[in-house]
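Report on the structure given below.
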Amino acid sequence: MIHRMAIATLSLVGLLVATYLWLWKLGFLGVIVCGSGACETVQLSAYAEILGQPVAFYGVVGYLVLLVVSLVGLQPRWVDRIGPSLALLVLSGGGLAFTLYLTYLEAFVIRAWCRWCLVSAAIILAIFVVATIGYRASTRNTSATHAER
Amino acid sequence: MARSVMKMFYLALGAVALIGGAAIWMARGGSGGSEGVTSVSSAALASVGEYEGYVEGSDSAPVEVVEFADFQCPACARFTILSGSDIRTGLVERGLARWRFHDFPLPNHQHAIPAHHAAACADEQGQFWAMHDQLFFNQGRWARDSRPTRRFREYAQAIGLDVDRFEACMESDRYRARIEAGKNEAVALGINSTPSFLIGDIVVAGALPYDSIKTLVEKAAARAAR
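If you read the protein sequences in the order shown, they are chains A and B.
Per our numbering, the very first residue in the first sequence carries number 1; after that it's consecutive.
Per our numbering, the very first residue in the second sequence carries number 1001; after that it's consecutive.
Listed below in structure tokens is the structure:
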């Protein structure tokens, strides 16, 4: 299942980006490597926390869940089942919706672009695209299997 | 799927995790121990004395810690909020270390210089550390305010300053050159991130937990006693 492999790899990269931003927010890193300095503007904004937790924390959790689901989906017991593909599609769809909201805030409310946030947005978009292709492929496989019976 | 393909995949995934993890570890600036600690030449150390900064603690303390910080830096605020109280009671008040705050406003923080200026104006009335705490504990509010000086006025009032005198000081902008000089001195010393600490003859970067600061102070005291 090449799709799940691709999602696992992308999720791992996203997890590393989100972890970097989260640790910076927690104060474990000195100056954020951003280039323009707008990362700090975004991270300091009123929208940088939700329910008392840094936004990056939700990124860490989200990417971790995607990584685990994609890895589970690669195990022999699950590799031919459609469940992991559906779960990845739903999870990445939710992640993409959340990211679109955050990107809207950056563009029209905070008016600053955090490059790491844009990298994360590109990753979740790529995951969603791959998850959609993977789900459609799984659906076709399942239909073909039923037809053979 | 072929077992060899899966093996290659897991190896590649492990390599990505390892490289990414190492990159984050290196970015942390040695906040847990001796990593990220660099020695400073005696010539460079001699130049630090030219900028006095703000001092808290006894002149007879065996170790001096110079904190290079930016009032608008989130990591600096987190450091003060999480470790400031322990440092005061555990090191400064016990006479184990003298703490020196060194202005280092970063260029990408648009309100940093006014904030450092507010602290300098509070110092005129003997309340630098009270303003220092106000600025760090309320950083989330003033840092995103389009007119942060009105917030600084509130903090001046809260800590009991003569507000008219404080405002006159802010309008005069008389400490800007000194703050800039302090920043330039830090850059000359090789400091490139905030918060950074000069403890004895070593520089360590990152929002260190209290225990790490305490350990480094004890090591510096031991070196000084030799």
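Just so you know, even glycine gets a beta-carbon here, dropped at the ideal spot from N, CA and C.
Bridge-paired residues (DSSP) for residue i
| i | result |
| --- | --- |
| A/I50 | A/Q53 |
| B/D1103 | B/A1069 |
| B/V1204 | B/F1197 |
| B/A1097 | B/V1063 |
| B/E1154 | B/E1154 pairs with nothing; no bridge assigned. |
| B/V1055 | B/R1100 |
Under 9 Å between C-beta atoms of residue i and residue j
| i | j | result |
| --- | --- | --- |
| B/A1225 | B/A1075 | no |
| A/L151 | A/A121 | No answer is possible for residue 151 of chain A: the residues shown for chain A start at 1 and end at 149. |
| B/A1118 | B/F1079 | no |
| B/V1065 | B/I1199 | yes |
| B/R1178 | B/D1070 | no |
| B/E1052 | B/W1099 | no |
| A/L71 | B/A1023 | no |
| B/P1209 | B/S1085 | no |
| B/D1109 | B/A1143 | The sequence shown places His at residue 1109 of chain B, rather than the Asp named in the question. Yes, Cβ-Cβ distance for B/H1109 and B/A1143 is below 9 Å. |
| A/F128 | A/L96 | yes |
| A/L10 | A/A126 | yes |
| A/M1 | A/L74 | yes |
| A/G14 | A/G62 | yes |
| B/A1186 | B/V1063 | no |
| B/Q1139 | B/A1077 | yes |
| A/V65 | A/T19 | no |
| A/A6 | A/V130 | yes |
| B/I1191 | B/I1087 | no |
| A/R140 | A/V79 | no |
| A/A8 | B/L1011 | no |
| B/F1137 | B/I1081 | yes |
Cut-off 8 Å between Cβ atoms - residues of its own chain near residue i, not counting five sequence neighbours on either side
| i | result |
| --- | --- |
| B/A1095 | For the sequence presented, residue 1095 of chain B should be read as Gly rather than Ala. So the qualifying residues of the chain are G1057, S1058, S1060, A1061. |
| A/I50 | Y58 |
| B/K1183 | D1103, F1104, P1105 |
| A/V69 | P84, A87, L88, L91 |
| B/R1141 | R1151 |
| B/Q1134 | Y1155, A1158, I1159 |
| A/A48 | K25, V42, P54, V55 |
| B/P1148 | H1111, P1114, A1115, W1142 |
Own chain, CB closer than 6 Å to residue i, minus 5 neighbours either side, in chain order
| i | result |
| --- | --- |
| A/L21 | A56, W116 |
| B/Y1175 | H1117, A1120 |
| B/G1032 | At B/G1032, the pLDDT of 36 sits below 50, so the modelled position is not reliable and the matter cannot be decided from this model. |
| B/L1216 | I1199 |
Cβ of residue i within 9 Å of any chain C Cβ
| i | result |
| --- | --- |
| B/P1105 | Here the protein chains are A and B, and chain C is not one of them. |
Same chain only: Cβ atoms within 7 Å of residue i, ignoring 5 sequence neighbours per side
| i | result |
| --- | --- |
| B/A1112 | D1070, F1071, Q1072, P1105, L1106 |
| B/E1154 | none |
| A/E106 | V42, A112, W113, C114, C117 |
| B/A1017 | none |
| B/G1020 | none |
| B/S1034 | With a pLDDT of 37 at B/S1034, under the threshold of 50, the modelled position of that residue is not reliable, and the figure given next carries that caveat. Closer than 7 Å at the Cβ level, and outside the excluded window around B/S1034, lies no residue. |
| A/T142 | I82 |
| A/Y135 | S85, L86, L89 |
| B/D1145 | R1151 |
Residue i CB to nearest heavy atom of the ligand PLP below 8 Å
| i | result |
| --- | --- |
| A/V65 | As presented, the structure is devoid of all ligands, the ligand PLP included, so that no description of it is given. |
For the stretch 1140 to 1170 of chain B, which residues have a beta carbon sitting closer than 8 Å to at least one beta carbon of chain A? G1140, A1143, R1144
Would you call the stretch 1151 to 1166 of chain B and the stretch 1116 to 1135 of chain B touching, i.e. three or more CB-CB distances under 8 Å? yes
Would you list, in chain order, the members of the stretch 1186 to 1206 of chain B that have their beta-carbon closer than 8 Å to a beta-carbon of chain A? N1192, S1193, T1194, P1195, S1196, A1205, G1206
Scan the stretch 1073 to 1106 of chain B for residues whose Cβ lies nearer than 9 Å to a Cβ of chain A and list them as they occur along the chain. C1073, P1074, A1075, C1076, A1077, R1078, F1079, I1081, L1082, L1106
Taking any Cβ of chain A, which residues in the stretch 1007 to 1028 of chain B have a Cβ under 7 Å from it, in chain order? F1009, L1013, V1016, A1017, G1020, I1024, A1027, R1028
Counting only Cβ-Cβ distances shorter than 8 Å, please list the residues of the stretch 92 to 114 of chain A near chain B, keeping chain order. none
Using a Cβ-Cβ cut-off of less than 8 Å, give me the residues of the stretch 54 to 75 of chain A that come near chain B, in sequence order. L74
Residues of the stretch 14 to 25 of chain A in Cβ contact with chain B at a cutoff of 9 Å, in chain order, please. L15, L16, V17, T19, Y20, L23, W24, K25
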